[in-house]
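Here is the structure we will look at.
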Amino acid sequence: MTPRGALRSRSDVRCEDAENGHRRVAEEINRHIQQIYDEARLVESLANSAQEDSGWLSLLSNELNGLVGRFKS
């Protein structure tokens, strides 16, 4: 192999290594984005459940206050 060919070969290897590195970084970023998305959906679901539970607690509180009021009179 000529020195010029050896330089080209080393350059190709470096380019391939850089491409592989970029690919791995992109895959890692995509994995993190997917994880953030999944966790955001979970938080949304938990917030909706908390809101529903809060509504039920409010109804129960009103009912309890009504019962207490009946006993006071």
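The numbering of the sequence shown is this note's numbering, which starts it at 126 and goes up by one. No residue lacks a Cβ here, since even glycine has one placed at the ideal position from N, Cα and C.
Can you name, in chain order, every residue of its own chain whose Cβ lies under 8 Å from the Cβ of residue i, other than the five neighbours on each side?
i	result
R148	none
Taking 6 Å as the limit between beta carbons, can you name the residues of its chain near residue i, skipping five residues before and five after?
i	result
D142	none
* To do: Let me know the beta strand (DSSP E) ranges lying completely inside the stretch 134 to 182, each 3 residues or longer, listed in chain order.
  => Qualifying beta strand (DSSP E) stretches: none in this window.
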